[in-house]
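To start, the structure itself, in structure tokens.
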Amino acid sequence: MTIKIKRGHILELSISDMAFGGKGVAKIDGFTVFVDMGVPEDVVTARITKKKKNYAEARVVDLLSASPFRQPAPCPYSGICGGCKWQFLDYQKQLEYKRSHVQESLEHIGGMQGVNVLPTLGSLKQFAYRNKMEFSCSDKRWLLPEEMSRETVEPGFGIGLHVPGTFYKVLDIDACLLQPERGNEILDDVRAYIRSSPAPVYGLRSHKGYWRFLMLRHSVALDQWMVNIITAIEDQKTVAPLARLLVDKYPEITAVVNNITAKKSGVAIGEYEIHLAGKSTITERIGEFEFDISANSFFQTNTRGAKTLYDVAKRFAGLTGAENVVDLYCGTGTIAIYLSDMAKSVVGLEMVTDAVQDAKKNCEKNGVGNVRFITGDIRFTMDQIETVPEVMIIDPPRAGMHKDVVKKVLELAPAKIVYVSCNPATMARDLALIKDHYTVGDVQPVDMFPHTYHIESVAALIRK
Ligand SMILES: C[S@@+](CC[C@H](N)C(=O)[O-])C[C@H]1O[C@@H](n2cnc3c(N)ncnc32)[C@H](O)[C@@H]1O
Numbered sequence: 038m039t040i041k042i043k044r045g046h047i048l049e050l051s052i053s054d055m056a057f058g059g060k061g062v063a064k065i066d067g068f069t070v071f072v073d074m075g076v077p078e079d080v081v082t083a084r085i086t087k088k089k090k091n092y093a094e095a096r097v098v099d100l101l102s103a104s105p106f107r108q109p110a111p112c113p114y115s116g117i118c119g120g121c122k123w124q125f126l127d128y129q130k131q132l133e134y135k136r137s138h139v140q141e142s143l144e145h146i147g148g149m150q151g152v153n154v155l156p157t158l159g160s161l162k163q164f165a166y167r168n169k170m171e172f173s174c175s176d177k178r179w180l181l182p183e184e185m186s187r188e189t190v191e192p193g194f195g196i197g198l199h200v201p202g203t204f205y206k207v208l209d210i211d212a213c214l215l216q217p218e219r220g221n222e223i224l225d226d227v228r229a230y231i232r233s234s235p236a237p238v239y240g241l242r243s244h245k246g247y248w249r250f251l252m253l254r255h256s257v258a259l260d261q262w263m264v265n266i267i268t269a270i271e272d273q274k275t276v277a278p279l280a281r282l283l284v285d286k287y288p289e290i291t292a293v294v295n296n297i298t299a300k301k302s303g304v305a306i307g308e309y310e311i312h313l314a315g316k317s318t319i320t321e322r323i324g325e326f327e328f329d330i331s332a333n334s335f336f337q338t339n340t341r342g343a344k345t346l347y348d349v350a351k352r353f354a355g356l357t358g359a360e361n362v363v364d365l366y367c368g369t370g371t372i373a374i375y376l377s378d379m380a381k382s383v384v385g386l387e388m389v390t391d392a393v394q395d396a397k398k399n400c401e402k403n404g405v406g407n408v409r410f411i412t413g414d415i416r417f418t419m420d421q422i423e424t425v426p427e428v429m430i431i432d433p434p435r436a437g438m439h440k441d442v443v444k445k446v447l448e449l450a451p452a453k454i455v456y457v458s459c460n461p462a463t464m465a466r467d468l469a470l471i472k473d474h475y476t477v478g479d480v481q482p483v484d485m486f487p488h489t490y491h492i493e494s495v496a497a498l499i500r501k
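Take 38 as the starting number for the sequence shown in the numbering used here and just add one per residue.
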């Protein structure tokens, strides 16, 4: 390489590609520079922020010539907030890059060439598509560039989203465009209440204080809202008036709960839950089925996208009514129930007890009698599967399957596997572990997360 690259250098770069993780790629004499906020066909000046032996990282300083794939980002926090980083990228391009990233992961991580990765199915809504948002409280908020120059700025309390790389400060946002507008109004009311509350806000460094997170959940089909307030200790006198205020103001808020956690980890899940107003679940509908969802149960965050995803899974499963199905990592039983009308039986396996309770109630609610559930860590519960399934659905968390689980899947040897994944890298790794025994058919990317680089995929696998 003729040019010496050092941290702090500002270089002129032409962005030629998009890397998985959402950064633009530029090459200097074959040396790779990942450029944050860079879009293919941009020419930029960028500051090198990290230099390693095989690659460097940089951040755009000036846009010298804008890519035709750039579009104005509607959110004022775009470029600062870590929530969605691709608002400035044309949506069709987002879908193309997501498809390529799935293909590249299968090739590079899984060593699988030529898999038929179909064009990405786009999200019906590109904004206001999220049915769940988590906002963190902090005693220190992130100051916006225009606030830094002002003399009278209150640096204290903030409720909002994190800026990448800063765990203890939050961006005190007025609105997040990924959630429906009503969610922003609720966020505003909760902010005002916390601001005037005598109870202190939790410090993400000091680990002292009361108010920790606000989680909002929305049901698209029934327009119901759940408000989940996460606090460090139990203090009903402080939180109950907030619940009353919210349900009095918004008839659509049908559930208010208080999760309590003393754990230092930044996860908005309580060690226990107190019910404050309305019900403790909200009801959502996917296709003809209704699902009651409680605060701590997994539910796909893009409801309309979930219908697209489950329809693909159902098509790939190709059920005739004669098959026994196993649904690994079943959450609230949504896929199990969605497939139940075309299966002989379905067994769902899940470790979160609340989710399984929701799943059982959801079966009753929908008059589904051929689905049962096994609660516990799949590593230790797969031996309880009594009938060898013809079809297996596998929808693991981002980390993918534990290798013991892969082993048990191969022992059970279902004729068909439908692998659903929110992480192309772990999907590629897991499929590589079973590719000697299964032929990988079509892979369908489904975009559940517009303006982020995240992508959901469904893979059809047939036993050899
Ligand atoms: C990606 S979600 C899938 C949920 C469901 N299929 C759906 O579409 O709503 C993964 C689920 O796996 C569960 N899970 C994660 N690790 C597990 C394990 N070791 N054993 C059992 N369940 C697990 C999580 O609680 C979560 O509900």
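Even glycine gets a Cβ: it sits at the ideal position worked out from N, Cα and C.
With DSSP as the reference, identify every bridge partner of residue i, one or two as the case may be.
i: isoleucine 323; result: Phe326
i: glycine 151; result: DSSP output for glycine 151 lists no bridge partner at all.
i: proline 482; result: Ser494
i: arginine 178; result: Val207
i: isoleucine 454; result: Met429, Leu498
i: tyrosine 92; result: Thr69
i: leucine 100; result: Val81
i: glutamine 124; result: Partner(s): none; glutamine 124 has no beta bridge.
i: lysine 64; result: Thr69
i: asparagine 296; result: Ile267, Glu310
i: phenylalanine 410; result: Gly385
i: glycine 315; result: Ala292
i: serine 256; result: Gln261
i: lysine 169; result: Arg254
i: aspartate 420; result: None, per the DSSP bridge assignment.
i: isoleucine 196; result: Cys174
i: asparagine 361; result: Ser382
Do residue i and residue j have their CB atoms nearer than 7 Å?
i: leucine 158; j: threonine 345; result: yes
i: tryptophan 179; j: lysine 206; result: yes
i: serine 331; j: aspartate 391; result: yes
i: isoleucine 454; j: leucine 498; result: yes
i: tyrosine 287; j: isoleucine 297; result: no
i: valine 62; j: serine 53; result: yes
i: alanine 452; j: arginine 500; result: yes
i: methionine 480; j: valine 154; result: The sequence shown places valine at residue 480, not methionine. The answer is yes: Cβ separation under 7 Å.
i: methionine 252; j: glutamate 321; result: no
i: aspartate 73; j: arginine 96; result: yes
i: aspartate 395; j: threonine 418; result: no
i: alanine 465; j: glycine 147; result: yes
i: glutamate 222; j: aspartate 260; result: no
i: glutamate 78; j: serine 104; result: yes
i: histidine 199; j: glycine 324; result: no
i: arginine 84; j: isoleucine 117; result: no
i: serine 317; j: phenylalanine 250; result: no
i: valine 495; j: valine 349; result: yes
i: phenylalanine 71; j: glutamate 49; result: no
i: isoleucine 422; j: asparagine 399; result: no
i: lysine 89; j: isoleucine 42; result: no
i: glutamine 131; j: cysteine 112; result: no
With distance defined between alpha-carbon atoms, name the residue in the options nearest to residue i.
i: alanine 380; options: Asp391, His199, Val363, Val389; result: Val363
i: valine 152; options: Pro487, Tyr475, Ile492; result: Tyr475
i: serine 115; options: Gly220, Leu241, Pro201; result: Pro201
i: valine 98; options: Lys89, Tyr92, Val81, Gln108; result: Val81
i: glutamine 150; options: Lys501, Asn399, Gly478; result: Gly478
i: tyrosine 134; options: Val76, Glu308, Leu282, Arg167; result: Val76
i: alanine 258; options: Val442, Leu143, Asn168, His491; result: Asn168
i: phenylalanine 164; options: Gln394, Thr340, Val428, Asn403; result: Thr340
i: isoleucine 311; options: Lys88, Asp329, Gln273; result: Gln273
i: glutamine 129; options: Gly45, His491, Pro487; result: Pro487
i: alanine 269; options: Val383, Lys300, Ile471; result: Lys300
i: leucine 208; options: Leu215, Gly193, Arg219; result: Gly193
i: aspartate 378; options: Val495, Phe326, Asn333, Lys472; result: Phe326
i: asparagine 361; options: Ile492, Pro426, Ser334, Glu448; result: Pro426
i: cysteine 121; options: Tyr166, Lys87, Arg84, Ala229; result: Tyr166
i: alanine 280; options: Asn91, Pro113, Ser256, Tyr230; result: Tyr230
i: valine 264; options: Arg232, Leu224, Pro235; result: Leu224
i: isoleucine 471; options: Ala277, Glu493, Glu448; result: Glu448
i: asparagine 91; options: Gln108, Phe106, Lys64; result: Lys64
i: tyrosine 347; options: Val389, Ile210, Tyr456, Leu283; result: Tyr456
i: alanine 462; options: Ser234, Gln131, Glu493; result: Glu493
i: leucine 376; options: Ala292, Met388, Gly355, Asp420; result: Gly355
Three or more C-beta pairs under 8 Å: does that hold for the region 132 to 143 against the region 50 to 61? yes
Sufficient close CB pairs (3 or more, under 8 Å) joining the region 229 to 240 to the region 303 to 310: no
Would you be able to state if there are at least three C-beta pairs under 8 Å between the region 397 to 412 and the region 429 to 443? no
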